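There are 2 protein chains.
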Amino acid sequence: MGRWEPDTRGRLERAAIELYLEQGFDQTTVAQITKHADLTTRTFFRHFADKCDVLFVGADELRERVAKTIAAAPPAWSAFKAAASGLNIAAAALQIRRDEAQDRRKLIRDTPELRERELIMFASVAETVAEALSERGVEDRAARVTAEAMLAALRVAFEYWGEHPDRELPQLVDETLDELKDVVGSGN
Amino acid sequence: MGRWEPDTRGRLERAAIELYLEQGFDQTTVAQITKHADLTTRTFFRHFADKCDVLFVGADELRERVAKTIAAAPPAWSAFKAAASGLNIAAAALQIRRDEAQDRRKLIRDTPELRERELIMFASVAETVAEALSERGVEDRAARVTAEAMLAALRVAFEYWGEHPDRELPQLVDETLDELKDVVGSGN
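Top to bottom, those sequences are chains G and W.
Counting from 1, position 184 in the first sequence corresponds to residue 184 in the working numbering; the numbering is continuous, with no gaps.
Counting from 1, position 146 in the second sequence corresponds to residue 1146 in the working numbering; the numbering is continuous, with no gaps.
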C-alpha cells in the first residue's frame, strides 16, 4: 500500500460491512462498496478476492498467532492445554474488536454463502492447530483429535457470543472447554 | 420411481462415481453420466440437484438414522454415550458399503468443491445430533458441545479410514472417541 492510500483496506472493509448490514450481503455489489468508500473497483480487488473475502480477511493473521502461541507454550503442557492457549489468544483478539466481530457474526449467520465460507475457515484453523501440535511432538491422531475438539469448542463459544454479545468471548471459550471436559468425562 | 425404472438412482450413482474416478470430477459432465448410465439428463435431475449431490445423497437418510438411534438410547445414558451410539450406527452403515464409501472419500479428498460440500454435510449432522440430544433433555450448550465433539471424532476417524481402508470404521470411531477422552481428560 502506498503512503497516499492511508488505510485503504480498512476503508473498504468498513464500507462493505456498512452496506452489507444496511441492504443485505446478496444485494450489495463491489461497485457499490467502492463508491461508498470513494475508491476504485481495481483497488478493491488489490485487497480482496471477492465480496466474501472482506469478512474473513483477518483470519490468516489470527491463524498465524494461534500457531505461534501453541509453539511457544511450555513443553510440559498437554496437547489440550497448549491448543487451548492458542484458542484463548484468538478469542482475546476478537474480543478487542468486539463490535466489528459481532457485525461480522450477524452477517455470517444470516447468509448461507458466508456460513459455508466460515466452515472452510474453521477447518483451516483446525489444520493449523493440528500442525502446531504435531510440531510439539504430539502424535498424529491425538493432534488431529485435539485440534478438532478445540474447534468444536470455538464454534459453540462463537455461536453463544452471537446470542449473548455482552458476554466476553475468552470467558465463553473457557466455559465451553469446561463443558467439553464435563461431557467427555461423563462419557460412560 | 416407476416400476419400469429399476434402480435408476443406483445406476446414475455408479455411472457418476465411475466417471469421476476415471476422468476426474471437474472433467465429468451430467451429460456424460447419463450417457454412461443409458438414461436421460432429465432423469438425472429428477434424482439429484447437481453432480456434487450424487456423492452426498445418502447423507439425509443416515442423519435420520443417527437421530432415531440417539432418541432410542436408554434415558440413563449420558449425552456423550447417547451421541456415540448414533455415531456408531452411522459408522456401521458406512462400513457395510465400504468400497463405495471409500471411492467417495477419495473423490472428496481430491476435490476442493466436494470438500466444502462435505464440511456443510458434517455441520448439518452436528445440528441433527444437537437437536436429538436437546430432545432427550440435555441442556442447550452441553448438547451443542457434545454434538460438535462427536463430529470432531467422526471427521478424524473418517480421515483415518481413508488412509487405512482395511481398518473397520466403527472401530476407528471407538478409538478416536477414546483418544478424545484421553486428550480432554489430560487437559490441565
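Idealized CB from N, CA, C, for every residue including glycine.
None of the values given here were measured: they were computed from a predicted structure.
- If you draw a straight line from the Cα of A152/G to the Cα of A1149/W, it comes to about 6 angstroms.
- Sequence-distant partners of F1122/W (beyond 5 residues in either direction) whose C-beta falls short of 7 angstroms from its own C-beta, in its chain, are L1151 and R1155.
- If you draw a straight line from the Cα of D38/G to the Cα of D140/G, it comes to about 49 angstroms.
- Listed along chain G, no residue sits closer than 7 angstroms to L1087/W by beta-carbon distance, the nearest being about 12 angstroms off.
- DSSP places G1162/W inside the alpha helix (DSSP H), whose first and last residues are D1140 to E1163.
- In this chain, the alpha helix (DSSP H) harbouring K68/G covers A59 to A72.
- When Cβ-Cβ separations below 8 angstroms define contact, E1113/W makes no contact with chain G.
- Taking a 10 Å sphere around the C-beta of T29/G, we find fewer than 16 other C-beta atoms and assign the residue as exposed.
- Counting only the Cα atoms, G137/G lies some 35 angstroms from V1066/W.
- Around the Cβ of G10/G, a 10 Å sphere holds fewer than 16 other Cβ atoms; the residue is exposed.
- Look at T40/G: its C-beta is not under 8 angstroms from any C-beta on chain W.
- Proximity to L177/G across A130/G, S85/G and R109/G peaks at S85/G, based on C-alpha coordinates.
- Sequence-ordered contacts of the region 101-126 of chain G with chain W read E116, L119, I120 and A123 [C-beta pairs closer than 7 angstroms].
- Only exposed fits I1096/W, as fewer than 16 other CB atoms lie within 10 angstroms of its CB.
- Contact check for H1036/W against A1015/W passes: the beta carbons are separated by less than 8 angstroms.
- The three-state secondary structure of K1035/W, taken from DSSP, is helix.
- Legend: CB atoms of the region 149-163 of chain G lying less than 8 angstroms from CB atoms of chain W belong to residues A149, L151, A152, A153, R155, V156, E159 and Y160.
- What L1180/W touches in chain G, judged by beta-carbon distance under 7 angstroms, is V145, A149 and V184, going in chain order.
- Between the region 1040-1059 of chain W and the region 1108-1128 of chain W there are three or more C-beta pairs closer than 8 angstroms, enough to call the two in contact.
- Assigned with DSSP and collapsed to three states, S1124/W falls in helix.
- Under the Cβ distance rule, R136/G does not count among the residues neighbouring chain W, no pair being separated by less than 8 angstroms.
- Around the beta carbon of F1045/W, fewer than 16 other beta carbons sit within 10 angstroms, so the residue counts as exposed.
- Against chain W, a Cβ distance below 8 angstroms from T176/G picks out R1141 and V1145.
- Taking 8 angstroms as the upper bound for CB-CB distance, V184/G and L1180/W are in contact here, some 6 angstroms apart.
- The beta carbon of S1134/W sits closer than 8 angstroms to the beta carbons of D1140 and A1143 from its chain, once the five residues preceding and following it are set aside; these are given in chain order.
- For the pair V173/G and A147/G, the CB atoms are not nearer than the 8 angstroms cut-off.
- For A1082/W, the closest Cβ of chain G is not nearer than 8 angstroms.
- About 15 angstroms separates the beta carbons of P1170/W and A1083/W, which is beyond the 8 angstroms limit, so they are not a contact pair.
- Closest by C-alpha distance to T8/G, out of I89/G, T43/G and A132/G, is T43/G.
- The residue among Q102/G, A79/G, Q32/G and E116/G with its C-alpha nearest the C-alpha of D166/G is Q102/G.
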